[in-house]
Amino acid sequence: MTNAARLRDSTQILLPQEALDGLREEVEARFVVTIRAEKRQVRIIGSPVEIKDVSAFLARNGVTVA
Numbered sequence: 112m113t114n115a116a117r118l119r120d121s122t123q124i125l126l127p128q129e130a131l132d133g134l135r136e137e138v139e140a141r142f143v144v145t146i147r148a149e150k151r152q153v154r155i156i157g158s159p160v161e162i163k164d165v166s167a168f169l170a171r172n173g174v175t176v177a
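So the sequence shown is numbered by the working numbering: it starts at 112 and just counts up by one.
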């Protein structure tokens, strides 16, 4: 059975807002994801495949994704 936390981790990335400075537009153009601003954080939501690709893209651009 799938653990809810594991499923959530595979379908979203939670980052400080400033982590996407200069990258948000490119992320929205290149990937099928939803980006929501929440207080001081940004939540990127998408399919597990898209989230994996976004994570790799962010890592290549110096953003640490935990």
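Ideal Cβ placement from N, Cα and C applies to all residues, glycine included.
Please name the residue in 154, 149, 127, 175 whose C-alpha comes closest to that of residue 139. As a first step, residue 139 is located in the sequence shown; it is residue number 28 there, counting from the start. Of the listed residues, the one whose Cα sits closest to residue 139 is 154.
Taking Cβ to Cβ, would you say residue 124 is nearer than 8 Å to residue 160? The residue you call residue 124 lines up with position 13 of the sequence shown. The residue you call residue 160 lines up with position 49 of the sequence shown. No, the pair does not count as a contact, with Cβ atoms beyond the cut-off.
Separation of residue 130 from residue 150, as counted between CA atoms: Counting from 1 along the sequence shown, the entry for residue 150 is found at position 39. Counting from 1 along the sequence shown, the entry for residue 130 is found at position 19. About 14 Å.
Neighbourhood of residue 170 by C-beta, 7 Å cutoff - its chain only, sequence neighbours within 5 removed: Residue mapping note: residue 170 aligns to position 59 of the sequence shown, counting from 1. The answer, listed in chain order, is 176.
Are residue 144 and residue 157 close, meaning C-beta to C-beta below 8 Å? Position 33 of the sequence shown, counted from the start, is the residue given in the question as residue 144. Position 46 of the sequence shown, counted from the start, is the residue given in the question as residue 157. If you check the CB distance, residue 144 and residue 157 come in under 8 Å.
Under a three-way DSSP split, which group does residue 125 fall into? Taking the first residue of the sequence shown as 1, we reach residue 125 at position 14. Residue 125 falls in the strand class under three-state DSSP.
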